[in-house]
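K.L.:
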Amino acid sequence: MNNPGSSSSQLSDTIIRPENHFYTDNQDPFAGAFWSQFQDPHDLASQHIPSDSSPAAAMRAYRKYRDRVRKPVLATYTILGFLSSGTYGRVYKARLRTPNVGPGGGAHVGAGLSNSVQALASSAAGAQANKKKGGLLLQQHQLLDSPSATSSLHATPNWLVEAADGQIFAIKKFKPDTKETDSSIYTGISQSAMREISLNRELCHVNIVTLHQVMLEDKSIYMVFEYAEHDLLQIIHYHSTALRAPIPLAVLKSLLWQLINGVAYLHANWILHRDLKPANILVTCRGVVKIGDLGLARLYTSPLQSLYNGDKVVVTIWYRAPELLLGSRHYTTAIDIWSVGCIWGELLALRPMFKGEEAKMDPKTKAAPFQTDQLKRIVEVLGTPNKDELQPITL
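With my numbering, letter number 324 in the sequence shown gets 330, and the count goes up by one each step, no holes.
(1) Alpha carbon to alpha carbon, how far is L356 from P78?
(2) For G347, name the three-state secondary structure that DSSP assigns.
(3) Using a Cβ-Cβ cutoff of less than 8 Å, which residues in the same chain neighbour H218 once the five nearest sequence positions on both sides are dropped?
(4) In three-state terms, what does DSSP make of E395?
(5) With DSSP run on the structure shown, which of helix, strand or coil describes R69?
(6) Mapping DSSP to helix, strand and coil, what is Q173?
(7) Per DSSP, which residues does F360 bridge with? Please list them.
(8) Return the chain-ordered list of same chain residues with a C-beta closer than 6 Å to the C-beta of L17, the five sequence neighbours on each side being excluded.
(9) Which partner residues of H336 appear in the DSSP bridge assignment?
(10) Could you tell me the alpha carbon to alpha carbon distance between P228 and P358, rounded to whole angstroms?
(11) Which residue comes first and which comes last in the alpha helix (DSSP H) that contains R383?
(12) Which class does V167 belong to by DSSP, given the choice of helix, strand or coil?
(13) In this structure, what does DSSP give as the bridge partners for H236?
(14) Given a cut-off of 9 Å, decide if Q380 and L302 are closer than it, judged by their beta-carbon atoms.
(15) In angstroms, rounded to a whole number, what distance separates the CA positions of S91 and S60?
(16) Give me the Cα-Cα distance between A374 and K366, rounded to the nearest whole angstrom.
(17) Give the straight-line distance between the Cα atoms of H245 and R304, rounded to the nearest whole angstrom.
(18) Would you mind working out which of T84, C291, K70, L278 sits nearest N206, comparing C-alpha positions?
(19) What residues match up with A100 in a beta bridge as DSSP calls it?
(20) Count the other CB atoms within 10 Å of the CB of P284; is the residue buried (16 or more) or exposed (fewer)?
(21) Quick check on R304: does DSSP put it in helix, strand or coil?
(22) With 16 as the cutoff for other CB atoms within 10 Å, does S196 come out buried or exposed?
(23) Starting from I214, follow its DSSP beta bridges and name the residues at the other end.
(24) What would DSSP say about S60, mapped onto helix, strand or coil?
(25) Under the rule that 16 or more other beta-carbon atoms within 10 Å means buried, what is S128, buried or exposed?
(26) Tell me the DSSP secondary structure of M367 in three-state form.
(27) Where does I341 sit, in a helix, a strand or coil, going by DSSP?
(28) Look at the alpha carbon of A340 and the alpha carbon of P252, and state the distance between them as a whole number of angstroms.
(29) How is R201 classed by DSSP in three states: helix, strand or coil?
(30) Rounded to the nearest angstrom, what separates L262 and P182 at their Cα positions?
(31) Going along the chain, which residues of its own chain have a beta-carbon closer than 6 Å to the beta-carbon of R383, five neighbours each way excluded?
(32) Put E208 into one of helix, strand or coil per three-state DSSP.
(33) Which partner residues of I253 appear in the DSSP bridge assignment?
(34) Rounding to the nearest angstrom, what Cα-Cα distance links K393 and L239 in this structure?
(35) When you compare only the Cα positions, how much space is there between E395 and V97?
(36) I need the straight-line Cα distance from R72 to T82, nearest angstrom please.
Okay, structure coming up:
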């Protein structure tokens, strides 16, 4: 593990600065001369805002300009179909709109539609809507806003590949954060969304999924990611069929090396992923591994800093390290390494190494239950640790 100084410099060498990042560490974001270059001069003149205006006035001017030029999601992307859903929202496959294709664009848009959208477009309501201006946009709004019956068991975020006729992306729509007692009361952006956005904007590595854009519309956050056709869970399920051969050894070596390479980059930059599992390890058509879903990832400044802070459960149970099963509030990068080992074993055996039965949370106390069966499965496979092995362990 690198020391904080060296890891910090490494991150700064590979950091991605957003194109709309309007200030640097040495510049006042509200300084008149600097601020004005990012505004429409006519807007500032019409509001008679002097160059040395207060931060509040400058921010109001910026927000007005931003709201005017902001494009809706469906004006920028064509929704091709539904991919998956999970705790924090849903994921859709989308194509970046070309300049000559408007909201009612036909052949170019329809050519790549998935089965779910084709069914919608061929229905009577869909046909009637297409006769009106923006009919396809209405269909896509319905697809974005309505629950899908094809929700997958694993919420797999899927990401980008350069296509010959355009760019394909995965758009992750986060559910608005609401009060537990009243879902109609909007309380802001969820902690998971903020965490994933802040980390993805700073990371740049071939084995980490790339965040291309963040959009805000109707109190919902949309994260536009690169798209990959597969994930390790799909690959394992494909090869687990009796008539199919196991995954070739050369492919296994490549997958493991790339996975470790991506995890090492996260750890070198003081990031714990905390939710590594086959469904979150994506693979492009060229065989490039992409680690995705940083919703549970956390920055840490010391290997023994407490990361409890309300996150009572991290890592899917089959890939959860023993120290987490035993209730430890202090953990290190070892929890990610354990998950990598579980994934590697599953790729070899084509089935989970420690397939325990998860104990459900008590709805009254909302306390995380002790996962007895999962710990039992680990002991059955690896054996009971002796006193010498348990001696250095501190919970």
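All C-beta atoms in this analysis are idealised placements derived from N, C-alpha and C, irrespective of residue type, glycine included.
P.N.:
Once the coordinates are examined:
(1) Taking the first residue of the sequence shown as 1, we reach residue 356 at position 350. Taking the first residue of the sequence shown as 1, we reach residue 78 at position 72. Their Cα atoms are separated by approximately 43 Å.
(2) Position 341 of the sequence shown, counted from the start, is the residue given in the question as residue 347. Here G347 sits in helix by DSSP.
(3) Numbered from 1 along the sequence shown, position 212 holds the residue referred to as residue 218. The answer, listed in chain order, is L166, F175, V230, F231, E232.
(4) Along the sequence shown, read from residue 1 onward, the residue named residue 395 stands at position 389. In this structure, E395 counts as helix in the three-state DSSP scheme.
(5) Locating residue 69 in the sequence shown gives position 63, counting from the first residue. Helix, per DSSP.
(6) Walking along the sequence shown from the start, residue 173 turns up at place 167. In this structure, Q173 counts as strand in the three-state DSSP scheme.
(7) One-based indexing of the sequence shown puts residue 360 at position 354. F360 is not bridged to any residue.
(8) Position 11 of the sequence shown, counted from the start, is the residue given in the question as residue 17. Because the pLDDT of L17 is 37, which lies under 50, any placement of that residue in the model is unreliable, and the question is left without a value.
(9) Position 330 of the sequence shown, counting from 1, holds the residue named residue 336. Its beta-bridge partners do not exist; DSSP assigns none.
(10) Walking along the sequence shown from the start, residue 228 turns up at place 222. Walking along the sequence shown from the start, residue 358 turns up at place 352. Here residue 228 is Tyr; the residue named in the question, Pro, does not match the sequence. Separation of Y228 and P358 (C-alpha to C-alpha, rounded to the nearest whole angstrom) is 33 Å.
(11) Within the sequence shown, numbered from 1, the residue matching residue 383 stands at position 377. 378-388 is the extent of the alpha helix (DSSP H) around R383.
(12) As a first step, residue 167 must be located in the sequence shown, where it is residue number 161. Low confidence applies to V167: its pLDDT is 36, below 50, so where it sits in the model is not reliable, and the reading given next is rough at best. V167 falls in the strand class under three-state DSSP.
(13) For the purposes of this step, residue 236 is taken as residue 230 along the sequence shown, with counting starting at 1. DSSP, once it has assigned bridges, lists V289 as partnering H236.
(14) In the sequence shown, counting from the first residue as 1, residue 302 sits at position 296. In the sequence shown, counting from the first residue as 1, residue 380 sits at position 374. Going by beta carbons, L302 and Q380 fall outside the 9 Å limit.
(15) Stepping through the sequence shown from its first residue, residue 91 is reached at position 85. Stepping through the sequence shown from its first residue, residue 60 is reached at position 54. Whole-angstrom Cα-Cα distance: 44 Å.
(16) Looking up residue 374 in the sequence shown gives position 368. Looking up residue 366 in the sequence shown gives position 360. CA-to-CA, the gap between A374 and K366 works out to about 8 Å.
(17) Position 239 of the sequence shown, counted from the start, is the residue given in the question as residue 245. Position 298 of the sequence shown, counted from the start, is the residue given in the question as residue 304. Roughly 33 Å between the two C-alpha positions.
(18) For this step, residue 206 is matched to residue 200 along the sequence shown. Ranking T84, C291, K70, L278 by Cα distance to N206 puts L278 first.
(19) Numbered from its first residue, the sequence shown carries residue 100 at position 94. Its beta-bridge partners are I85, F175.
(20) Walking along the sequence shown from the start, residue 284 turns up at place 278. So P284 counts as buried.
(21) Stepping through the sequence shown from its first residue, residue 304 is reached at position 298. R304 falls in the strand class under three-state DSSP.
(22) To locate residue 196, count along the sequence shown from 1; it is residue 190. Buried: at least 16 other Cβ atoms inside 10 Å.
(23) Within the sequence shown, the letter at position 208 stands for residue 214. Paired residues: I297.
(24) On the sequence shown, residue 60 is found 54 positions in, with the first residue counted as 1. Correct three-state label for S60: coil.
(25) Translated into the one-based positions of the sequence shown, residue 128 becomes position 122. Any answer about S128 is weak, because its pLDDT of 38 lies below 50 and its placement is not dependable; what the coordinates show is given next. Burial call: exposed.
(26) The residue given as residue 367 occupies position 361 in the sequence shown. M367: coil per DSSP, three-state reduction.
(27) Position 335 of the sequence shown, counted from the first residue, corresponds to residue 341. I341 carries a helical assignment under DSSP once its states are collapsed to helix, strand and coil.
(28) Position 334 of the sequence shown, counted from the first residue, corresponds to residue 340. Position 246 of the sequence shown, counted from the first residue, corresponds to residue 252. Rounded to whole angstroms, A340 to P252 spans 29 Å at the Cα level.
(29) Numbered from 1 along the sequence shown, position 195 holds the residue referred to as residue 201. It is helical.
(30) Residue 262 sits at position 256 when you count from the first residue of the sequence shown. Residue 182 sits at position 176 when you count from the first residue of the sequence shown. Taking the straight line from one Cα to the other gives about 36 Å.
(31) Indexing the sequence shown from 1 puts residue 383 at position 377. Apart from sequence neighbours up to five positions away, the residues of its chain that approach R383 with a beta-carbon distance below 6 Å are F360, G362, ordered along the chain.
(32) Translated into the one-based positions of the sequence shown, residue 208 becomes position 202. Of the three classes helix, strand and coil, the one that applies to E208 here is coil, per DSSP.
(33) As a first step, residue 253 is located in the sequence shown; it is residue number 247 there, counting from the start. Residue pairing for I253: DSSP places it in no beta bridge.
(34) Indexing the sequence shown from 1 puts residue 393 at position 387. Indexing the sequence shown from 1 puts residue 239 at position 233. Between the alpha carbons of K393 and L239 lies a gap of roughly 37 Å.
(35) The residue labelled residue 395 in the question sits at position 389 within the sequence shown. The residue labelled residue 97 in the question sits at position 91 within the sequence shown. So the alpha carbons of these two residues sit roughly 43 Å apart.
(36) Here residue 72 refers to the residue found at position 66 when the sequence shown is read from its first residue. Here residue 82 refers to the residue found at position 76 when the sequence shown is read from its first residue. Straight-line Cα distance between these residues: approximately 16 Å.
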